[in-house]
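Asker: Under the numbering used here, the first residue of the sequence shown carries the number 192, and numbering increases by one thereafter.
C-beta atoms are modelled at their ideal positions from N, C-alpha and C, and glycine is treated no differently.
Just so it is clear, the structure is predicted and the values come from calculations on it, not from any experiment.
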Amino acid sequence: MQPYLEALLLEATKSDIIDTGNVAQAEEYILQVLLRGLKVERASLWMLDSDSSCMRCELLIDLHHQTREEDTILTRQQYPRYFEALDTKLIIAAEDAKTNPLTCEFTEGYLNPLHIQSILDAPIRHRGKMVGILCCEQIGKQREWRDEELDFVSSVSELVSRILSAKERDDYARQLEVANQSLEQLVQQRTASLEKTLYTLKKTQEQMVENEKMASLGNLVAGVAHEVNTPLGIAVTATSYCEHVLKELRTKMGKQSLTRSAMERGMEDMSQTLLLIGQNLREAADLIQNFKKTAVDQHNLDLVTFELSDYLRVVMSSLTPLLKSKNVEVELLCSGPVEMHSYPGALAQIMTNLVSNACLHAFAVHRGNCICVQILAEEPGTVLIRCKDNGVGMSEDVRKQVFLPFYTTKRGRGGSGLGLSISYNLVTAKLGGQLTVESKPGAGSLFTLSLPTHIQARTKDLGR
């Protein structure tokens with residue numbers, strides 16, 4: 192290749208215009224390179240459509256006629272031999288375009304009117320497919336195309352492939368930018384929607400937890416009310432009896448018929464009756480106090496210091512009505528005092544849920560039912576509370592799902608599916624411990640709480 196053509200081709204190869212993605216500017220530059228390198232007066236770039244049935248002129252520069260053209264269309268049906276040559280040949284070099292069998296189809300409608308004598312066409316290939324041509328045309332006299340000129344045009348056609356690749360990259364970049372913007376907007380919309388949904392779910396969960404707590408307390412209230420009625424009823428009856436004895440004594444005194452023995456019998460009856468009244472009133476008072484403490488604790492989750500076994504006895508005492516109604520005995524075992532600095536209200540709610548759950552689900556018969564609550568302080572700073580029943584137990588499938596919200600085997604028969612889920616969340620989130628369950632069908636269930644004995648106050652607790 193001539194030094195001039197090599198220098199021009201090197202200059203074009205290094206030009207940043209080729210790779211900017213600006214197709215119009217790059218096409219103009221390529222045609223100017225052809226006009227300068229081949230010293231012709233007419234050069235054009237044509238692109239094939241998707242099925243290669245026609246090609247459209249993207250840009251044509253005619254220095255002889257001082258014209259620029261675009262959008263001229265040539266079809267395969269009009270020029271079948273020329274299109275067939277494009278499919279099979281690397282380059283079309285027609286010195287006499289009017290007689291060359293590959294280009295003579297253009298003589299009447301194209302070559303003669305424009306005085307074109309010679310044509311040099313180089314197919315443009317991109318990604319292994321022929322997508323267009325570079326066309327160089329000699330006006331006035333015939334032109335003998337030299338080998339170096341053929342090589343030059345072929346090399347320039349490869350630069351057009353670079354232009355197309357740059358355009359693809361530019362298009363991809365724009366599409367990616369648009370997609371990123373759309374994705375960012377979509378993410379923002381989805382995030383806002385999820386935040387709203389999460390807020391709604393959180394509020395719903397809080398309401399459900401509160402409803403569950405109120406339902407649990409409601410059941411306790413009903414049971415305590417029923418249980419308190421018994422000692423109060425005895426006290427009222429005994430008081431009436433005392434009034435009756437006292438009235439009889441007064442009557443006899445008024446008639447002056449009161450004997451010493453009658454007076455002693457009356458005093459003894461009233462003494463025994465008053466003792467009975469005192470015992471029943473104390474029983475009712477203890478039951479109410481324990482219930483009150485448990486109920487208040489469950490709604491005021493304060494961080495305080497307390498002795499674990501004493502507190503659990505209070506909690507179990509408040510559950511006496513429920514346990515009696517289900518004929519369940521509770522045994523509390525503790526080897527010694529365990530000081531806790533924790534949230535007794537959360538612990539009360541957890542134990543209430545565990546015992547209530549056992550009463551509802553564990554026992555199939557109304558005799559011999561037992562729940563054993565054992566306190567083990569095996570490691571410093573940690574205490575285990577084991578709540579074991581001798582009930583029907585659980586299958587492995589039920590055991591795996593027992594802490595899931597709304598999971599219950601008693602749907603529509605008193606089970607909400609929230610009790611154990613709330614307990615699990617309180618143990619892990621509030622008390623900083625763990626809650627596990629072991630169970631087999633027919634072998635009862637064992638719930639184990641592993642809790643730190645001393646919890647540090649958190650910022651939100653101090654700020655209340």
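The beta strand (DSSP E) with A620 in it runs from where to where?
Answerer: Translated into positions along the sequence shown, residue 620 becomes position 429. Careful: A620 lies outside any beta strand (DSSP E) and carries neither H nor E.
Asker: Excluding the 5 residues preceding and the 5 following D262 in the sequence, name in chain order all residues of the same chain whose CB lies nearer than 8 Å to its CB.
Answerer: Looking up residue 262 in the sequence shown gives position 71. The answer, listed in chain order, is R247 and C248.
Asker: Quick one: residues in its chain with C-beta nearer than 6 Å to the C-beta of L545, no 5 flanking neighbours on either side, listed in chain order?
Answerer: Sequence index remark: in the sequence shown, residue 545 carries index 354 (1-based). Within the same chain, L545 has close Cβ partners C578 and F638.
Asker: Taking the alpha carbon of Y301 as the point to measure from, which residue in I264, S452, N581 and R451 has its own alpha carbon closest?
Answerer: Locating residue 301 in the sequence shown gives position 110, where the first residue counts as 1. Measuring from the Cα of Y301, the nearest candidate turns out to be I264.
Asker: Do you know how far the Cα of V231 is from the Cα of D287?
Answerer: Working through the sequence shown from its first residue, we reach residue 287 at position 96. Working through the sequence shown from its first residue, we reach residue 231 at position 40. Near 15 Å, if we compare the C-alpha coordinates of V231 and D287.
Asker: Judging by CA-CA distance, which residue of A553, I576, Y390 and K591 is the nearest neighbour of G633?
Answerer: For this step, residue 633 is matched to residue 442 along the sequence shown. Of A553, I576, Y390 and K591, the residue nearest in Cα terms is A553.
Asker: Alpha carbons only, please: which of V506, L350 and A217 is nearest the one belonging to L250?
Answerer: The residue labelled residue 250 in the question sits at position 59 within the sequence shown. Of the candidates V506, L350 and A217, the one whose C-alpha sits nearest the C-alpha of L250 is A217.
Asker: When DSSP builds the beta bridges, which residues end up paired with W237?
Answerer: Within the sequence shown, numbered from 1, the residue matching residue 237 stands at position 46. W237 pairs with C248 and I324.
Asker: Do you know offhand how far P643's Cα is from R558's?
Answerer: Within the sequence shown, the letter at position 452 stands for residue 643. Within the sequence shown, the letter at position 367 stands for residue 558. Approximately 36 Å between the Cα atoms of the pair.
Asker: Exposed or buried, which one is Y502 when buried takes at least 16 other CB atoms within 10 Å?
Answerer: Stepping through the sequence shown from its first residue, residue 502 is reached at position 311. Its Cβ being crowded by 16 or more others within 10 Å, Y502 is buried.
Asker: Can you tell me whether H490 is helix, strand or coil according to DSSP?
Answerer: On the sequence shown, residue 490 is found 299 positions in, with the first residue counted as 1. Here H490 scores only 49 on pLDDT, less than 50, and its place in the model should not be relied on; the value that follows carries that caveat. It is helical.
Asker: I'd like the list of long-range same chain contacts for A537, defined as Cβ closer than 7 Å, with 5 residues on each side in sequence excluded.
Answerer: Sequence index remark: in the sequence shown, residue 537 carries index 346 (1-based). So the qualifying residues of the chain are L492, L617, K621 and L622.
Asker: Could you have a look at S641 and say whether DSSP puts it in helix, strand or coil?
Answerer: Against the sequence shown, residue 641 aligns to sequence position 450. It is a strand residue.
Asker: Under the three-state reduction of DSSP, which class applies to R353: helix, strand or coil?
Answerer: Position 162 of the sequence shown, counting from 1, holds the residue named residue 353. R353 falls in the helix class under three-state DSSP.
Asker: May I have the straight-line CA-CA distance separating L523 from C561, to the nearest angstrom?
Answerer: Residue numbering aside, residue 523 sits at position 332 when the sequence shown is read from its first letter. Residue numbering aside, residue 561 sits at position 370 when the sequence shown is read from its first letter. Their Cα atoms are separated by approximately 11 Å.
Asker: Under the three-state reduction of DSSP, which class applies to H532: helix, strand or coil?
Answerer: Counting from one through the sequence shown, the residue named residue 532 turns up at place 341. If DSSP states are grouped into helix, strand and coil, H532 belongs with the strands.
Asker: Below 6 Å CB to CB, which residues in the same chain sit around V564 once its five sequence neighbours on both sides are set aside?
Answerer: Against the sequence shown, residue 564 aligns to sequence position 373. So the list reads L523 and C578, once near-sequence residues are dropped.
Asker: Please go through the same chain and pick out, in chain order, the residues whose beta-carbon is closer than 8 Å to the beta-carbon of A549, but skip the five residues on each side of it.
Answerer: As a working note, residue 549 is residue 358 in the sequence shown. The residues are V519, I562, C578, D580, G582 and S636.
Asker: Taking C-alpha atoms, which residue in K517, G584, L575 and R451 lies nearest to V556?
Answerer: Start at 1 with the first residue of the sequence shown, and residue 556 comes out as number 365. That would be K517, whose Cα lies nearest to the Cα of V556.
Asker: Where H490 and T395 are concerned, what is the direct C-alpha to C-alpha distance, given to the nearest angstrom?
Answerer: Numbered from its first residue, the sequence shown carries residue 490 at position 299. Numbered from its first residue, the sequence shown carries residue 395 at position 204. A caution first: H490 carries a pLDDT of 49, below 50, which makes its placement in the model too unreliable to give a value.
Asker: Would you say I566 and S614 are within 8 Å of each other, going by their C-beta atoms?
Answerer: If you number the sequence shown from 1, residue 566 lands on position 375. If you number the sequence shown from 1, residue 614 lands on position 423. In this structure, S614 does not lie closer than 8 Å to I566 by Cβ.
Asker: Which runs of the beta strand (DSSP E) fall wholly inside the region 489 to 529 and span at least 3 residues, in chain order?
Answerer: Listed in chain order, the complete beta strand (DSSP E) runs (minimum 3 residues) inside the region 489 to 529 are 495 to 498 and 519 to 525.
Asker: Does the structure place the region 335 to 353 close enough to the region 315 to 327 that three or more beta carbon pairs sit under 8 Å?
Answerer: Result yes; three or more Cβ-Cβ pairs closer than 8 Å.
Asker: So the alpha helix (DSSP H) S586 belongs to, where does it begin and stop?
Answerer: One-based indexing of the sequence shown puts residue 586 at position 395. Element bounds for S586: n/a, residue is neither H nor E.
Asker: Could you round the C-beta distance between E530 and T496 to whole angstroms and report it? I think they count as a contact, below 8 Å.
Answerer: Residue 530 sits at position 339 when you count from the first residue of the sequence shown. Residue 496 sits at position 305 when you count from the first residue of the sequence shown. At roughly 7 Å, the Cβ-Cβ gap stays under 8 Å, so E530 and T496 are in contact.
Asker: Can the beta-carbon of E296 be found closer than 8 Å to that of R272?
Answerer: Against the sequence shown, residue 296 aligns to sequence position 105. Against the sequence shown, residue 272 aligns to sequence position 81. In this structure, R272 lies closer than 8 Å to E296 by Cβ.
Asker: Using three-state DSSP, classify D253 as helix, strand or coil.
Answerer: Position 62 of the sequence shown, counted from the first residue, corresponds to residue 253. Correct three-state label for D253: strand.
Asker: Taking buried to mean at least 16 other C-beta atoms within 10 Å of its own C-beta, is L277 buried or exposed?
Answerer: In the sequence shown, counting from the first residue as 1, residue 277 sits at position 86. Classification for L277: buried.
Asker: Secondary structure at I317, three-state DSSP: helix, strand or coil?
Answerer: If you number the sequence shown from 1, residue 317 lands on position 126. The amino acid occupying residue 317 in the given sequence is His; Ile does not appear at that position. In this structure, H317 counts as strand in the three-state DSSP scheme.
Asker: Given this structure, state the Cα-to-Cα distance separating R504 from E587, to the nearest angstrom.
Answerer: The residue given as residue 504 occupies position 313 in the sequence shown. The residue given as residue 587 occupies position 396 in the sequence shown. Rounded to the nearest angstrom, the two C-alpha atoms are 32 Å apart.
Asker: Considering only the beta carbon of each residue, do F343 and L201 sit closer than 8 Å?
Answerer: As a working mapping, residue 343 is identified with position 152 in the sequence shown. As a working mapping, residue 201 is identified with position 10 in the sequence shown. No; because the gap between Cβ atoms is not below 8 Å, this pair is not in contact.
Asker: When you compare only the Cα positions, how much space is there between Q308 and K358?
Answerer: As a first step, residue 308 must be located in the sequence shown, where it is residue number 117. As a first step, residue 358 must be located in the sequence shown, where it is residue number 167. Spanning the two alpha carbons is a distance of roughly 34 Å.
Asker: Going by Cα to Cα distance, which pick from S356, Y220 and L551 is closest to S206?
Answerer: Start at 1 with the first residue of the sequence shown, and residue 206 comes out as number 15. Nearest of S356, Y220 and L551 to S206, Cα basis: Y220.
Asker: For S636, which residues does DSSP report across the bridge?
Answerer: Sequence index remark: in the sequence shown, residue 636 carries index 445 (1-based). According to DSSP, which records beta bridges pairwise, S636 is partnered with D580 and S630.
Asker: Which partner residues of Q329 appear in the DSSP bridge assignment?
Answerer: Numbered from its first residue, the sequence shown carries residue 329 at position 138. DSSP output for Q329 lists S309 as bridge partner(s).
Asker: Could you tell me which of L355, V574, L236 and T294 sits nearest to T211, measuring between CA atoms?
Answerer: For the purposes of this step, residue 211 is taken as residue 20 along the sequence shown, with counting starting at 1. Among L355, V574, L236 and T294, the Cα nearest to that of T211 belongs to L355.
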